[in-house]
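Chains A and B are the protein sequences, given in the same order.
The numbers in numbering that gives the first Met the number 0 rise by one with no breaks, and the one at position 4 of the first sequence is 3.
The numbers in numbering that gives the first Met the number 0 rise by one with no breaks, and the one at position 12 of the second sequence is 11.
Where is the CB? At the ideal position from N, CA and C, for every residue including glycine.
Protein chains: 2
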Amino acid sequence: MPTQEHMKAVLQAYIDGFNAGDPAAVSGLFADDAVIEDPVGQPQIQGRAAIDEFYVNAIGSGAKLSLDAPIRGSHGTSAAMAFTVDVPAMGLRIRAIDVMTFGEDGKVTRMEAFWGPDDMEQ
Amino acid sequence: MPTQEHMKAVLQAYIDGFNAGDPAAVSGLFADDAVIEDPVGQPQIQGRAAIDEFYVNAIGSGAKLSLDAPIRGSHGTSAAMAFTVDVPAMGLRIRAIDVMTFGEDGKVTRMEAFWGPDDMEQ
């Protein structure tokens, strides 16, 4: 089972990769067959090509992430974090909570992003 | 589908019920057959009697909750929040993120609490 330290470091690396403008660093945190549901309630994407494209687009928007509170672990194979997304070029702000679930190899196998229409300001 | 406003009001009522020392107000937010996994990675509890008992004990500990950031909705039937639990009598602090999923009737059908051993200070 991935350690608490590992899972929290991956979530921090997700934040840092966004803020460094490095999509490969972020998509590399995911398993090749990982599933992303961002936002929860919209269609999922799955697989290396879709995940790579997703982060090229998201990070290409200029989005920067800032943690709202310390990253949380669990007693299992998941960790979670509350953060704010700012996209200055679009005057956009989104408040999100991401939950990430890990495989035995320490890669993220599932990511769910909780944010609704009311959590976006423009 | 429950509205964003409804889901966020229920999560706020969960916080308020804890802080008012009112276990019935909190357990009443859940469906009779709801499942709680708190913390994620430990055995789940299910059903009215188990949920009532869980909140009598949790709230009886004197635990008080404070939001770390605004409650998040989703584009589906879930909402999430990051908060800190303080139990003054035990000198205990836990940083958690709860994800709650709702049924058609607006009751919580599933709650998952993300916090790990490292998220507890004593």
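Open item on the list: Using only the alpha-carbon positions, how far apart do E120 of chain A and I93 of chain A sit?
Closed with: Here residue 120 of chain A is taken as the residue at index 121 of the first sequence, counted from 1. Here residue 93 of chain A is taken as the residue at index 94 of the first sequence, counted from 1. Within the model, the alpha-carbon separation for E120 of chain A versus I93 of chain A is close to 6 Å.
TODO: Decide if the region 71-84 of chain A is in contact with the region 39-51 of chain A; the criterion is three or more beta carbon pairs, one per stretch, under 8 Å apart.
DONE: no
Open item on the list: What does the alpha-carbon distance come out to for the pair A88 of chain B and F82 of chain B?
Closed with: In the second sequence, counting from the first residue as 1, residue 88 of chain B sits at position 89. In the second sequence, counting from the first residue as 1, residue 82 of chain B sits at position 83. Cα to Cα, the separation comes out at about 19 Å.
- [ ] Using three-state DSSP, classify L28 of chain B as helix, strand or coil.
- [x] If you number the second sequence from 1, residue 28 of chain B lands on position 29. DSSP places L28 of chain B in coil when its eight states are reduced to three.
- [ ] With DSSP as the reference, label I93 of chain B as helix, strand or coil.
- [x] Locating residue 93 of chain B in the second sequence gives position 94, counting from the first residue. Note: I93 of chain B maps to strand in three-state DSSP.
Task: Listed by chain order, chain A residues near D118 of chain B by CB distance under 7 Å - done: Here residue 118 of chain B is taken as the residue at index 119 of the second sequence, counted from 1. Those within 7 Å of D118 of chain B in chain A are R71 and G72.
- [ ] Determine the DSSP secondary structure at E111 of chain B, reduced to helix, strand or coil.
- [x] In the second sequence, residue 111 of chain B corresponds to position 112, counting from 1. Correct three-state label for E111 of chain B: strand.
Open item on the list: With a threshold of 9 Å between beta carbons, is D67 of chain A in contact with chain B?
Closed with: Position 68 of the first sequence, counted from the start, is the residue given in the question as residue 67 of chain A. Using a Cβ-Cβ cut-off of 9 Å, D67 of chain A counts as an interface residue toward chain B, since at least one Cβ of chain B sits closer than that to its own.
Task: Identified DSSP bridge partners for K63 of chain B - done: On the second sequence, position 64 is the one that residue 63 of chain B refers to. The partner list for K63 of chain B (beta bridge, DSSP) reads B:D85.
Task: V107 of chain B vs V9 of chain B beta-carbon contact at 9 Å - done: What you label residue 107 of chain B is simply residue 108 of the second sequence in a count that begins at 1. What you label residue 9 of chain B is simply residue 10 of the second sequence in a count that begins at 1. Contact flag set, yes.
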